[in-house]
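Colleague:
Numbering (the numbering used here), first residue to last: 19 to 253.
1. Considering Cα atoms alone, identify which of 95, 124 and 146 is closest to residue 116.
2. Using 10 angstroms around the beta-carbon of residue 226, count the other beta-carbons present and answer buried if the total reaches 16, otherwise exposed.
3. Got a sec, what are the start and stop residues for the alpha helix (DSSP H) residue 32 sits in?
4. Can you tell me whether residue 174 is buried or exposed? The criterion is at least 16 other CB atoms within 10 Å of its CB, across all chains shown.
5. Expressed to the nearest angstrom, what Euclidean distance is found between the alpha-carbon atoms of residue 132 and residue 81?
6. Using only the alpha-carbon positions, how far apart do residue 198 and residue 67 sit?
7. Starting from residue 217, follow the alpha helix (DSSP H) in both directions and report where the run begins and ends.
8. Identify whether residue 6 lies in helix, strand or coil by the three-state DSSP scheme.
9. On the DSSP bridge assignment, give the partners of residue 147 in chain order.
10. Apply the 10 Å Cβ neighbour rule to residue 157 and answer buried if 16 or more other Cβ atoms are within range, or exposed otherwise.
11. Which word fits residue 40, buried or exposed, when buried means at least 16 other C-beta atoms lie within 10 angstroms of its C-beta?
12. If you check the beta carbons only, do residue 103 and residue 85 fall under 9 Å apart?
13. Return the CA-CA distance between residue 32 and residue 93, expressed in angstroms with no decimal places.
14. Do residue 2 and residue 88 have their CB atoms nearer than 9 Å?
15. Residue 207: buried (16+ other C-beta within 10 angstroms of its C-beta) or exposed?
16. Looking only at its own chain, which residues have a Cβ that is under 7 Å from the Cβ of residue 72, when we skip the five neighbours before and after it?
17. What's the C-alpha gap between residue 150 and residue 106?
18. May I ask which residues mark the beginning and end of the beta strand (DSSP E) holding residue 67?
19. Between residue 177 and the rest of its own chain, which residues show a CB-CB distance below 7 Å, the 5 nearest in sequence each way excluded?
20. Does any residue of chain B bring its CB to less than 9 Å from the CB of residue 43?
21. Starting from residue 92, trace the beta strand (DSSP E) in both directions and tell me its first and last residue.
22. For my contact list, residue 122 and residue 191 are in at a C-beta cut-off of 8 Å; report their separation, rounded to the angstrom.
23. Kindly indicate the opening and closing residues of the beta strand (DSSP E) around residue 57.
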């Protein structure tokens, strides 16, 4: 690495020159990158890209920035959390969505994510295309992370009696169950997909059970769709 001589001080990397500790790159592999604020550094601390906006790493439960080719950025990192807005950006620095009021903590199958606008939630894909309109009052995170990863995500619409209707968004990009149910449960042997064969197996074998507010029980599968059950289900 070459050294920088600035005001009689020597810096062995861009990351130090910009005021960040060299330890930021100490634990990454040869082909990995480090994202700090609006900068991208390689494993030696060399500056690769400088973006207009600060990279936001709020999807860390499923993705590091650019794992799926895109990342979210913040319009103004100096603002309070509730005042920040977030847009999707590709690796080249192109902003591909509007700035949203909020974003989910993880991607669904690396392709879809819930975003918030005017206190309602909807879904976009990683190209920035709107998949589901802004109609939900919340997404899955106040319930549970189903299947330990991002295969399905519950959505809800609040009711006047302080309860709520729940629905289900799936990794196929479909709103499999409209938000009209009291409970939804998943029967799947997968906690994540190792390969595409697992994804195909989930499409064939996963069972989703739902109960409405009248006590009726239903089963939904990717293959057969929705059917009403004569009795309660057991998982």
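Note that CB positions come from ideal geometry on N, CA and C, so glycine has one too.
Modeller: Here's the rundown:
1. 146
2. buried
3. 32-35
4. buried
5. 14 Å
6. 46 Å
7. 214-223
8. No information on residue 6 is available, as it lies outside the stretch 19 to 253 that the chain covers here.
9. Note: residue 147 sits in no beta bridge, so no partner.
10. buried
11. exposed
12. no
13. 25 Å
14. The structure shown does not extend to residue 2, since the chain spans only 19 to 253, so no value can be given for it.
15. exposed
16. 55, 56, 91, 92 and 95
17. 16 Å
18. 65-68
19. 183
20. Looking at the structure shown, chain B is missing, and only one protein chain is on hand.
21. 88-92
22. Between residue 191 and residue 122 the Cβ distance is about 15 Å, and since that is not below 8 Å, they are no contact.
23. 57-59
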